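Novice: One structure coming up, written as structure tokens, with questions to follow.
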Amino acid sequence: MVCFGRRRFLRIAAALLATCAFASSQECSTSVRNAAAASSRTLGALGRCRRGGAVTPEEIAPRRPPRGLFAFLRRKSADQMYREALEEQIQLMERQIRSAREESAQLRKLIKDRGTVSRREASYSVRKGMDTVKELKDEVSRLLKRIDELENTKAELVVLLEIERKRVEEQAKLLELERRKLGETESKSKDEMEKLRATLMDQTKKQLEDLERSAEKRVEEEKRRLQLEANDRVKAERLRGLEAVEEEKVKMRKLVKALAEKEKKALQMAEEKKKKASKRAEENRKASKKVNEKKTSSKTLISGNSRSGTPAGKTKAPGVTVRGSTGK
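So this is what it looks like as structure tokens:
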């Protein structure tokens, strides 16, 4: 019973080992196929590179552009992306080589264990395990071959990366040289611009001086012309003024003459009025004298009558007229 249980346990363990080996071989083959699919483009590109063709960064880099946190890689230059793609491909191949070596070691250990079990047991399951072991050996040989290919590809990628680095260094040197040339060109351009600016300033200064002289000349000519015109106008105004003065003098003479005649007439009229007034005054004086004489004579008569006893008012002196009775 103990022997039977031990044999059954060994048989179950062998079956489990075979199943695990088959599963691991399937996983290994899947990972290897994925790695092979990932590196097939690289191998094709390297083949074209050996034949003298060009290798583009898109053939080495992943098909899909990075997303999420690695979106900033899109803004990198093509050379930088190319170098990073080569480095990533080399790292991926190193990981694939390590995983393939680990899997091959596991397969060898599994084959060794299965060989030990097969020597102990000769049942149907063990023979089936031997077939599995053969398949595993084939898979191991294929993995070793793939490892060699990956190592060769890695070496070629390393060489290609080194070539790319040298090319980048050369481009950096060329860029630095171009920058120096650009700096020299800029300095030369600045010197030429300074010289051109100085030349233009001199020319502009000369042109301004010429313009100032021509402007001063035109101003002097215009000034002389205006002075002549002003003198002509002044002369014309003076002539018109003299003519107006002469006309005013004639008018004033006529006015003075008219005023003199008018004054003469006024004096004549005043003389006539004065003569008339003096004549009238003389007549008035004579009349008043006559009246006074008459008053005196009447007073004398009245006083004589009063002395002789004649009542006043009843006796008239002959030839005496009472005041107010005449028509005067």
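All the letters of the sequence shown, read from the start, carry residue numbers -25 to -1, 1 to 303 under mature numbering (1 follows the signal peptide of the UniProt record, and there is no 0).
Glycine included, C-beta positions come from ideal geometry on N, C-alpha and C.
Note that the structure is predicted; figures quoted are calculated from it, not measured.
Do E137 and D72 have their beta-carbon atoms positioned less than 8 Å apart in this structure?
Specialist: By one-based count along the sequence shown, residue 72 stands at place 97. By one-based count along the sequence shown, residue 137 stands at place 162. A small correction: the amino acid at residue 72 is Ile; Asp does not occupy that position in the sequence shown. Taking 8 Å as the cut-off, the beta carbon of I72 is found no closer than this to the beta carbon of E137.
Novice: Shortest alpha-carbon distance to I122 belongs to which of L67, E268 and R208?
Specialist: Locating residue 122 in the sequence shown gives position 147, counting from the first residue. Closest by alpha carbon: L67.
Novice: What do you get for S164, buried or exposed, if any count of 16 or more other CB atoms within 10 angstroms of its CB means buried?
Specialist: Position 189 of the sequence shown, counting from 1, holds the residue named residue 164. Around the CB of S164, fewer than 16 other CB atoms lie within 10 Å, so the residue is classed as exposed.
Novice: Could you give the C-beta distance for L132 and A75, rounded to a whole number, given that I count them as a contact under 8 Å?
Specialist: By one-based count along the sequence shown, residue 132 stands at place 157. By one-based count along the sequence shown, residue 75 stands at place 100. Wrong, their Cβ atoms sit about 17 Å apart, outside the cutoff.
Novice: Around the Cβ of M56, are there at least 16 other Cβ atoms within 10 angstroms (buried) or fewer (exposed)?
Specialist: In the sequence shown, counting from the first residue as 1, residue 56 sits at position 81. Its Cβ being crowded by 16 or more others within 10 Å, M56 is buried.
Novice: Would you decide whether E218 is buried or exposed? Buried here means 16 or more other CB atoms lie within 10 Å of its CB.
Specialist: If you number the sequence shown from 1, residue 218 lands on position 243. So E218 ends up on the exposed side.
Novice: So, does the CB of S273 fall closer than 8 Å to a CB anywhere in chain C?
Specialist: Looking for chain C here will not work: only one protein chain is present.
Novice: Count the other CB atoms within 10 Å of the CB of K264; is the residue buried (16 or more) or exposed (fewer)?
Specialist: Along the sequence shown, read from residue 1 onward, the residue named residue 264 stands at position 289. Exposed, by the Cβ-count rule.
Novice: With burial defined as no fewer than 16 other Cβ atoms inside 10 Å of the residue's Cβ, what is the status of Q64: buried or exposed?
Specialist: Residue numbering aside, residue 64 sits at position 89 when the sequence shown is read from its first letter. Burial call: buried.
Novice: Give me the Cβ distance between K129 and E69, rounded to the nearest whole Å; I'm assuming they're in contact under 8 Å.
Specialist: Looking up residue 129 in the sequence shown gives position 154. Looking up residue 69 in the sequence shown gives position 94. With a Cβ gap of about 7 Å, K129 and E69 count as contacting.
Novice: Quick check on the DSSP output: what are the complete beta strand (DSSP E) runs of length 3 or more inside the segment 109 to 168, in order along the chain?
Specialist: none
Novice: Count the other CB atoms within 10 Å of the CB of S79; is the residue buried (16 or more) or exposed (fewer)?
Specialist: What you label residue 79 is simply residue 104 of the sequence shown in a count that begins at 1. With 16 or more other Cβ atoms within 10 Å, it is buried.
Novice: Using the rule of at least 16 other Cβ atoms within 10 Å of the residue's Cβ for burial, across every protein chain shown, is L135 buried or exposed?
Specialist: Position 160 of the sequence shown holds residue 135. Counting Cβ neighbours within 10 Å, L135 comes out buried, since at least 16 surround it.
Novice: Please report the distance separating the alpha-carbon of M177 from that of S189.
Specialist: Residue mapping note: residue 177 aligns to position 202 of the sequence shown, counting from 1. Residue mapping note: residue 189 aligns to position 214 of the sequence shown, counting from 1. According to the sequence provided, residue 177 is Asp. The question's Met does not apply to it. Each residue's alpha carbon lies about 18 Å from the other.
Novice: Leaving out five residues before and five after A245 in sequence, what residues of the same chain have Cβ atoms less than 8 Å from its Cβ?
Specialist: As a first step, residue 245 is located in the sequence shown; it is residue number 270 there, counting from the start. Nothing listed; no residue qualifies.
Novice: Does E169 pass the burial test, meaning 16 or more other C-beta atoms within 10 Å, or should it be called exposed?
Specialist: The residue given as residue 169 occupies position 194 in the sequence shown. E169 should be labelled exposed.
Novice: Within the same chain, show all residues whose beta-carbon is closer than 7 Å to that of E223, passing over the 5 residues directly before and after it, in chain order.
Specialist: Position 248 of the sequence shown, counted from the start, is the residue given in the question as residue 223. Same-chain partners within the cutoff: there are none.
Novice: Out of E77, K84 and E139, state which residue places its alpha-carbon closest to the alpha-carbon of P60.
Specialist: Here residue 60 corresponds to residue number 85 of the sequence shown, with the count starting at 1. Checking the sequence shown, residue 60 turns out to be Ala, not Pro. Out of E77, K84 and E139, E139 has the C-alpha closest to the C-alpha of A60.
Novice: How would you call L149, buried or exposed, if buried means at least 16 neighbouring beta carbons within 10 angstroms?
Specialist: Position 174 of the sequence shown, counting from 1, holds the residue named residue 149. Classification of L149: exposed, given that the 10 Å Cβ count is below 16.
Novice: What's the gap between the Cα of N259 and the Cα of E247?
Specialist: Residue mapping note: residue 259 aligns to position 284 of the sequence shown, counting from 1. Residue mapping note: residue 247 aligns to position 272 of the sequence shown, counting from 1. In this structure, the alpha-carbon of N259 lies about 18 Å from that of E247.
Novice: In whole angstroms, what separates the C-alpha of A241 from that of E212?
Specialist: Within the sequence shown, residue 241 is the residue found at index 266, counting from 1. Within the sequence shown, residue 212 is the residue found at index 237, counting from 1. Whole-angstrom Cα-Cα distance: 41 Å.
Novice: Just the Cα atoms here: how many angstroms apart are K249 and Q243?
Specialist: Within the sequence shown, residue 249 is the residue found at index 274, counting from 1. Within the sequence shown, residue 243 is the residue found at index 268, counting from 1. C-alpha separation (whole angstroms): 9 Å.
Novice: Work out the CA separation of A262 and K254 for me, nearest whole Å.
Specialist: On the sequence shown, position 279 is the one that residue 254 refers to. On the sequence shown, position 287 is the one that residue 262 refers to. One C-alpha to the other measures close to 12 Å.
Novice: How big is the Cα-Cα spacing for residue 311 and K156?
Specialist: No statement about residue 311 is possible, as the shown extent of the chain runs from -25 to 303 and does not include it.
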